[in-house]
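Notes for the one structure printed next.
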Amino acid sequence: MKRMALCVVLAVIVLFGFSLPAAQAQAPFKLKMSWQPEHETFFPWLAKQRGWDKQEGLDLEITYFDSGMAQLEALPAKQWVLGGLGGVPMVVGALRYGAYMIALGNDESITNNVYVRPDSPIAKVKGFNKQFPEVYGSPETVKGKTVLVTTVSSAHYALSMWLGVLGLKDSDVVIKQMDQASAVAAFEKGIGDIVALWAPHTYAAEAKGYKKVADVRSTGRALPIVLIGEKEFCDKNPEIVAKFLRVYLRGVNFQRKHGSHPEVVKLYQKFMKDWGGMDISAEMAKLDIDNHPVWNLEEQLKLFDASKGMSTAQKWQTQIAEFFTAQGRFKPEEFEKVKDSAYVTDKFLKLVKTPIPTDELK
Numbered sequence: 081m082k083r084m085a086l087c088v089v090l091a092v093i094v095l096f097g098f099s100l101p102a103a104q105a106q107a108p109f110k111l112k113m114s115w116q117p118e119h120e121t122f123f124p125w126l127a128k129q130r131g132w133d134k135q136e137g138l139d140l141e142i143t144y145f146d147s148g149m150a151q152l153e154a155l156p157a158k159q160w161v162l163g164g165l166g167g168v169p170m171v172v173g174a175l176r177y178g179a180y181m182i183a184l185g186n187d188e189s190i191t192n193n194v195y196v197r198p199d200s201p202i203a204k205v206k207g208f209n210k211q212f213p214e215v216y217g218s219p220e221t222v223k224g225k226t227v228l229v230t231t232v233s234s235a236h237y238a239l240s241m242w243l244g245v246l247g248l249k250d251s252d253v254v255i256k257q258m259d260q261a262s263a264v265a266a267f268e269k270g271i272g273d274i275v276a277l278w279a280p281h282t283y284a285a286e287a288k289g290y291k292k293v294a295d296v297r298s299t300g301r302a303l304p305i306v307l308i309g310e311k312e313f314c315d316k317n318p319e320i321v322a323k324f325l326r327v328y329l330r331g332v333n334f335q336r337k338h339g340s341h342p343e344v345v346k347l348y349q350k351f352m353k354d355w356g357g358m359d360i361s362a363e364m365a366k367l368d369i370d371n372h373p374v375w376n377l378e379e380q381l382k383l384f385d386a387s388k389g390m391s392t393a394q395k396w397q398t399q400i401a402e403f404f405t406a407q408g409r410f411k412p413e414e415f416e417k418v419k420d421s422a423y424v425t426d427k428f429l430k431l432v433k434t435p436i437p438t439d440e441l442k
């Protein structure tokens with residue numbers, strides 16, 4: 081009897097001694113992430129819905145932030161280690177915290193816009209600067225006006241680029257810092273003369289009849305959403321970063337194949353409502369998808385290729401840093417630290433396992 085009891089005990093020890101570590105080894109890696117209620121977040125959200133993250137051994141924890149600067153404030157405490165934000169706060173993240181730019185999220189060159197009311201004198205002047213014929217306004221109609229904007233953001237970059245086309249600087253207008261939702265609400269109440277917004281708030285502005293006077297592309301620049309990584313985490317866990325990028329780029333492939341198909345639009349509306357807290361129409365959802373071009377892995381590797389000098393992605397980031405230095409937002413000594421955009425790296429993209437799946441609608 082004693083021998084049988086001993087055998088049972090040994091069997092239990094062997095069973096749990098070997099099965100528990102195996103179960104623990106299979107548990108997905110919890111990945112703390114920071115995102116905003118914008119197009120780029122649709123891909124990690126969709127990955128959660130469809131279990132793409134689990135297939136890579138990950139568990140994406142998608143935390144909500146209302147701006148890139150708010151995300152950066154949470155980075156030193158490591159509330160998150162990977163995420164998506166604008167090219168403008170990316171420069172700040174690299175400067176202050178040594179963060180990496182690990183990939184591109186989407187192209188936001190036509191979704192960071194400057195608006196005025198339809199009866200504004202600014203809307204009556206087009207092509208003041210002959211090099212930028214689609215830009216509205218003039219020094220006389222803009223100088224001294226009050227602007228509502230989320231400062232040090234992609235929308236702020238659009239604003240500053242617009243002012244630059246007109247021969248003006250930030251100091252030539254009165255800037256009022258507001259988050260995006262507050263800026264839309266305040267402008268509707270008659271506060272301010274100009275408002276700078278990013279999508280999907282841009283669609284709300286256009287639905288209210290506001291006049292777009294400029295976007296980043298019309299001022300001759302490019303502006304990406306980028307994927308950011310906390311340096312220490314990325315250096316210690318390159319394979320985890322690569323797995324996440326594979327998940328994200330799976331979403332890119334999904335959009336490239338299906339575009340704004342009605343079923344994708346429904347998914348996008350659900351994402352915006354359930355995670356972003358915004359109830360948007362099917363038309364707005366379709367616009368947001370169509371107005372955000374994305375790059376697949378092969379295209380990203382080309383944009384990040386620095387084998388013959390600065391890569392295209394590095395040049396985009398350097399242009400942002402140059403402009404904000406000229407505006408006095410960055411000190412010359414700060415610019416020196418980021419002028420070569422060495423924080424823009426393709427080393428994690430190169431680790432992504434291929435081929436990346438391209439999924440069907442359902």
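With this note's numbering applied, the sequence shown covers 81 to 442.
Built from N, CA and C at the ideal position, the CB exists for glycine as well.
Three-way DSSP call (helix, strand, coil) for Ser234 in this model: The sequence position of residue 234 within the sequence shown is 154, counting from 1. If DSSP states are grouped into helix, strand and coil, Ser234 belongs with the helices.
So if DSSP puts Tyr180 in a beta bridge, which residue, or which two residues, is it bridged to? For the purposes of this step, residue 180 is taken as residue 100 along the sequence shown, with counting starting at 1. Tyr180 pairs with Gly309.
Ser421, DSSP secondary structure in three states: Within the sequence shown, numbered from 1, the residue matching residue 421 stands at position 341. Ser421 falls in the coil class under three-state DSSP.
May I ask you to report which of helix, strand or coil DSSP gives Ser44? A query on residue 44 cannot be resolved here, the shown segment of the chain reaching from 81 to 442 and no further.
If I follow the unbroken alpha helix (DSSP H) through Ser262, where does it start and stop? As a working note, residue 262 is residue 182 in the sequence shown. Per DSSP, Ser262 belongs to the alpha helix (DSSP H) from Gln260 to Glu268.
Buried versus exposed call for Ser449 [16 or more other C-beta atoms within 10 Å across all chains shown]: Absent from the structure is residue 449, since the part of the chain shown begins at 81 and ends at 442.
Can you give me the C-alpha to C-alpha distance between Cys314 and Lys112, rounded to a whole angstrom? The sequence position of residue 314 within the sequence shown is 234, counting from 1. The sequence position of residue 112 within the sequence shown is 32, counting from 1. Roughly 12 Å separates the two Cα atoms.
What's the gap between the Cα of Met421 and the Cα of Leu246? Walking along the sequence shown from the start, residue 421 turns up at place 341. Walking along the sequence shown from the start, residue 246 turns up at place 166. Before going on, a small fix: residue 421 reads as Ser here, not Met. Distance from the CA atom of Ser421 to the CA atom of Leu246, rounded to whole angstroms, is 28 Å.
Residue nearest to Leu277 in terms of C-alpha spacing, selected from Ser147, Glu414 and Pro412: Stepping through the sequence shown from its first residue, residue 277 is reached at position 197. Checked all of Ser147, Glu414 and Pro412; the closest Cα to Leu277 is Ser147.
Limits of the beta strand (DSSP E) - the one that Met113 falls within: As a first step, residue 113 must be located in the sequence shown, where it is residue number 33. In the DSSP assignment, Met113 falls within the beta strand (DSSP E) that extends over Phe109 to Trp115.
Does Gln474 come out as helix, strand or coil in the three-state DSSP assignment? Here the chain comprises residues numbered 81 to 442, so residue 474 is not present and cannot be evaluated.
Using only CA atoms, which one of Val232, Lys366 and Lys225 lies nearest to Met149? Numbered from 1 along the sequence shown, position 69 holds the residue referred to as residue 149. Measuring from the Cα of Met149, the nearest candidate turns out to be Val232.
May I ask you to report which of helix, strand or coil DSSP gives Pro435? On the sequence shown, position 355 is the one that residue 435 refers to. The three-state reading of DSSP puts Pro435 in coil, since its state is none of H, G, I, E or B.
Count the other C-beta atoms from every protein chain shown that fall within 10 angstroms of the C-beta of Glu188, then say buried if there are 16 or more, exposed otherwise. For the purposes of this step, residue 188 is taken as the residue at position 108 of the sequence shown. By the 10 Å Cβ count, Glu188 comes out buried.
Exposure label - Arg176; buried when at least 16 CB within 10 Å: Here residue 176 corresponds to residue number 96 of the sequence shown, with the count starting at 1. Classification of Arg176: exposed, given that the 10 Å Cβ count is below 16.
Sufficient close CB pairs (3 or more, under 8 Å) joining the segment 293-310 to the segment 260-267: No: the two stretches stay apart, fewer than three of their Cβ pairs being nearer than 8 Å.
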